[in-house]
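Colleague: For the protein sequence lines, the chains are A and B, in the order given. Basically our numbering = 1-based index in the first sequence + 18. Basically our numbering = 1-based index in the second sequence + 18.
Number of protein chains: 2
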Amino acid sequence: MATLKYSRQRESIKHFLATTKEHPTADMVYTHVKEEFPNISLGTVYRNLNLLTDIGEAMKITTPDGADRFDGCVQPHNHFFCTECRRVLDLELDMKNIEKINKAAAENFDGIIESSNTIFYGKCGDCIKKS
Amino acid sequence: MATLKYSRQRESIKHFLATTKEHPTADMVYTHVKEEFPNISLGTVYRNLNLLTDIGEAMKITTPDGADRFDGCVQPHNHFFCTECRRVLDLELDMKNIEKINKAAAENFDGIIESSNTIFYGKCGDCIKKS
DNA sequence: TTAATTACAGTAATTGTTACTATTATTGTT
DNA sequence: AACAATAATAGTAACAATTACTGTAATTAA
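1. For the alpha helix (DSSP H) that contains Glu54/B, what are its first and last residues?
2. Whose Cβ in chain A lies nearer than 8 Å to the Cβ of Thr80/B?
3. Based on the DSSP secondary-structure assignment, which residues constitute the bridge partners of Asn96/B?
4. For Gly90/A and Lys147/B, I'd like the C-alpha separation in whole angstroms.
5. Nearest to Leu67/B by alpha carbon, out of Pro56/B, Asp45/B, Asp83/B and Glu54/B?
6. Would you call the segment 85-103 of chain B in contact with the segment 133-146 of chain B, where contact means no fewer than 3 C-beta pairs closer than 8 Å?
7. Would you check if the segment 25-35 of chain A and the segment 68-79 of chain A touch, i.e. whether three or more CB-CB distances between them fall below 8 Å?
8. Out of curiosity, what's the CA-to-CA distance linking Leu111/B and Ser134/B?
9. Tell me, which residues are paired with Asp89/B by DSSP?
10. Beta carbons nearer than 8 Å to chain A: which residues of the segment 83-116 of chain B have them?
11. Just verifying my parser: in three-state terms, what is the DSSP assignment at Ser149/A?
12. Using a Cβ cut-off of 7 Å, which residues of the segment 125-140 of chain B contact any Cβ in chain A, in chain order?
13. Compute the Euclidean distance between the alpha carbons of Gln27/A and Phe55/A, then round it to the nearest angstrom.
14. So, does the CB of Ile73/A fall closer than 8 Å to a CB anywhere in chain B?
15. Count the other CB atoms within 10 Å of the CB of Val123/A; is the residue buried (16 or more) or exposed (fewer)?
Shown next as C-alpha cells:
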C-alpha cells in the first residue's frame, strides 16, 4: 500500500507553500525550489503538489487562467481572482455563509452535495490604485 | 474595429448550445457540429466558443477536469460537478444567496468584487442509484 | 459584382500536465 | 554499519487542451 517516504524535495515544496502567500503555479514552485535543488525536475514538482493535495496538505485552485494554483493553507477559505493582474488572493468569508448556500443548493437537487467552491472575480486593491 | 460577420458554422454552434443541457466541451461541440459541417475545424469551434463567451452569448465553465465546458444558457445560475461521472449539471439557486455572499465577501476585502462563481461537488442522482 | 474584410479549414505551435525509465534516496532489518 | 526492498528522483517523452498561422472561401457594404 505504498508507504510514504521522506524526500527533501517534497519538504522544500511544502516549506515554500507554507511560507508564500502568492498561490503559485507548479511552474512558480519549480522556479523557487530550483534554487535549493538546481536539478529538480518539473515532474517531481507536479507529482508532489498532487500528492500533497491528495493527502490534504495542500489545496489546488482552478482558475480561468490555464495553470492551476496551489495553496499550502488547507484551512477552508475562499479565493479572489483579479481579472486584471491575474493574481489569486485569499478572501476571508464566514463559513456560515458557505454552509448556508450548500444547504440551499441541496434543497432542489437530486444528488448529494459534498462541498462547494466559490471563487470571486473583480479588481484587486493594487490594480484599482494603478488605474 | 472588426465587425461581426455571420457564419453558418457559428450559427450551428449556437444552436447546439441552445438545445443541449449537457454542458459540452469544445470537443463535444466539434463532434456534434461535424454532422452538419463534416469538415469544420476544431479551431473554428474554439474560436467561436470564445467569441460567444466574450459577447455574452455563452458561458465558459471551468472544472477540475481538463477541458472547459460551455453553456448556452447565460442566465445566472450555478453548476454541480459529479465527482463520479464527471458530468456538469445545472443547479438552481436563489440568486439572493449569491448576492449575499458577494456582499459578505466584499466587506473585508480591499478591492472590487464584480462576480462570483460557485461550483458544487458531490455525487449526482444517477450515480447514487447505480451504487 | 466588385472590393474589403471577416471567417474558414487545415495544420503547426504552445502550454500545462502526466507517464515512463533507469538511477538514487530512504527505511526497516540484520 | 551493510543490505535489501521499495519509494522518489531526474530527465525525457508523450499527451491533451488550446491557440496561432496561412492561404482560401464566405459575407457584406458600396
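Glycine is no exception: its CB is placed at the ideal position from the N, C-alpha and C atoms.
Modeller: The relevant details are as follows:
1. Ala44 to Glu54
2. Thr80, Thr81 and Pro82
3. Leu109/B
4. 36 Å
5. Asp45/B
6. yes
7. Verdict: yes, contact present.
8. 13 Å
9. Met77/B
10. Along the segment 83-116 of chain B, going in chain order, the ones with a CB nearer than 8 Å to a CB of chain A are Asn96, Phe98, Cys100, Thr101, Leu107, Leu109, Glu110, Leu111, Asp112, Asn115 and Ile116.
11. coil
12. Along the segment 125-140 of chain B, the positions whose C-beta sits under 7 Å from a C-beta of chain A are Asn126, Phe127, Asp128, Gly129, Ile130, Ile131, Glu132, Ser133, Ser134, Asn135, Thr136, Ile137, Phe138, Tyr139 and Gly140, read in chain order.
13. Looking at the two C-alpha atoms, the distance is approximately 7 Å.
14. no
15. According to the sequence provided, residue 123/A is Ala. The question's Val does not apply to it. Ala123/A is buried by the Cβ-count criterion.
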